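The next block holds one structure in the form of structure tokens; read it before the comments.
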Amino acid sequence: MARKKVKLSWISNDAARKATYKKRKKGLLKKVSELSTLCGVEATAVVIGPNDPHASEVWPSVPEAQRTLLKFKTLPEMDQGKKMMNQEGFFRQRIEKLKEQGKRWASENRETEEDTLMYLCLTGRSCLEDLAIVDLNQLGKRIDAKLKGVEQRMEAIKRSTEESQPQKEKESTLEFWAVPGSVAWGKANKVDQANDYKLAGNGETSGLQAAAMETLQRQQWLMEMMNPHEPNGVGDESDSVNPFGDASSWFDAFMGDI
1 MARKKVKLSW ISNDAARKAT YKKRKKGLLK KVSELSTLCG VEATAVVIGP NDPHASEVWP
61 SVPEAQRTLL KFKTLPEMDQ GKKMMNQEGF FRQRIEKLKE QGKRWASENR ETEEDTLMYL
121 CLTGRSCLED LAIVDLNQLG KRIDAKLKGV EQRMEAIKRS TEESQPQKEK ESTLEFWAVP
181 GSVAWGKANK VDQANDYKLA GNGETSGLQA AAMETLQRQQ WLMEMMNPHE PNGVGDESDS
241 VNPFGDASSW FDAFMGDI
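Be aware that the sequence shown starts at 1, since it is given in UniProt numbering, and climbs by one per residue.
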């Protein structure tokens with residue numbers, strides 16, 4: 001069963017206060033002893049009773065406590081005051097922390113109210129005419145922050161898409177499929193075939209060369225349709241007549257004229 005949180009306030013009942021003092025004093029001295037043993041540090045504790053100031057409790061002993069206190073006094077004043085805190089300083093520190101926590105909660109509540117008002121305005125369930133100038137300015141800043149976040153998210157998605165997208169091929173490939181009764185021409189790379197023939201003068205690709213290659217491809221494709229490479233019973237493939245003549249000779253002559 002979990003222990004309930006103890007309220008830190010002075011105990012008005014004398015018997016309860018004395019019992020708590022004995023129990024807490026014993027626990028404090030035990031914790032100091034454990035800290036010194038586990039961490040290997042010099043520690044001492046002096047507890048002065050509430051009823052008799054002379055009946056103080058010292059751990060581990062009076063000589064050890066005096067030696068530790070003298071060593072502490074030899075330290076610079078800045079080091080002596082470091083992490084030192086009395087009850088007043090402890091409560092002051094807690095008050096400051098609570099103030100900061102209250103400011104943070106107030107800021108979060110204000111942002112939640114602005115988001116709710118923004119969504120209500122977008123859906124037409126709220127009117128901005130009743131808002132003051134200060135509230136309108138805060139709402140405008142909140143909307144600008146939301147838009148900036150959306151833009152940053154879109155840029156991040158765009159960069160991620162561009163990095164993950166594979167590099168597109170620089171050359172487009174055309175595929176010609178077989179016509180019934182003929183042989184498939186296969187795959188032909190249009191850019192590579194156009195770049196295979198260069199002008200002798202400046203080495204640049206000519207538009208006439210690309211047109212000539214396209215015409216040659218059409219003729220060869222029609223030749224495949226009209227003259228299949230299967231025996232027709234009259235003669236073999238060498239006996240077939242090419243109605244368009246020698247296409248390669250025609251292309252060589254065409255290129256020679258250029």
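The beta carbon of each residue, even a glycine, is placed where N, CA and C say it ideally should be.
If you're wondering where the values come from, they're calculated on a predicted model, not measured in any experiment.
Going straight from the alpha carbon of residue i to that of residue j, what length do you get?
i	j	result
C127	C121	6 Å
R110	D52	54 Å
D135	R104	19 Å
L131	R125	14 Å
T161	E155	10 Å
E113	A106	11 Å
W10	K141	49 Å
G81	K73	11 Å
S61	G102	45 Å
E77	R17	36 Å
K146	L117	13 Å
G149	I133	24 Å
T123	K158	29 Å
D144	Y119	14 Å
C31	A45	Note that residue 31 is Lys in the sequence shown here, rather than Cys. Looking at the two C-alpha atoms, the distance is approximately 10 Å.
Q152	Q165	20 Å
L98	D79	28 Å
E34	Q93	27 Å
F90	T37	27 Å
E100	L75	34 Å
E88	E163	59 Å
N137	E108	17 Å
A55	K4	32 Å
N86	L29	18 Å
V191	D115	Because the pLDDT of V191 is 41, which lies under 50, any placement of that residue in the model is unreliable, and the number read from its coordinates should be weighed accordingly. Looking at the two C-alpha atoms, the distance is approximately 56 Å.
A15	P63	33 Å
L8	M84	20 Å
With 16 as the cutoff for other CB atoms within 10 Å, does residue i come out buried or exposed?
i	result
W59	buried
E129	exposed
E96	exposed
E230	Below a pLDDT of 50, predicted positions are generally treated as unreliable, and E230, at 49, falls in that range; the measurement from the model is reported next regardless. Answer is exposed; the Cβ neighbour count stays below 16.
N13	exposed
Measuring alpha carbon to alpha carbon, tell me which residue in the options is nearest residue i.
i	options	result
V47	G27, E34 and V41	G27
E57	R159, K22, I95 and E113	K22
V6	T20, A15 and K25	T20
P50	I143, K158, K25 and K148	K25
Going by DSSP, what residues sit across from residue i in a beta bridge?
i	result
I48	S56
Is residue i close to chain B, meaning its C-beta is less than 7 Å from at least one C-beta of that chain?
i	result
K158	The question asks about chain B, but that chain is absent: this structure has only one protein chain.
### Task
Say whether the segment 62–71 touches the segment 21–41, bearing in mind that this needs 3 or more beta-carbon pairs closer than 8 Å, one atom from each stretch.
no
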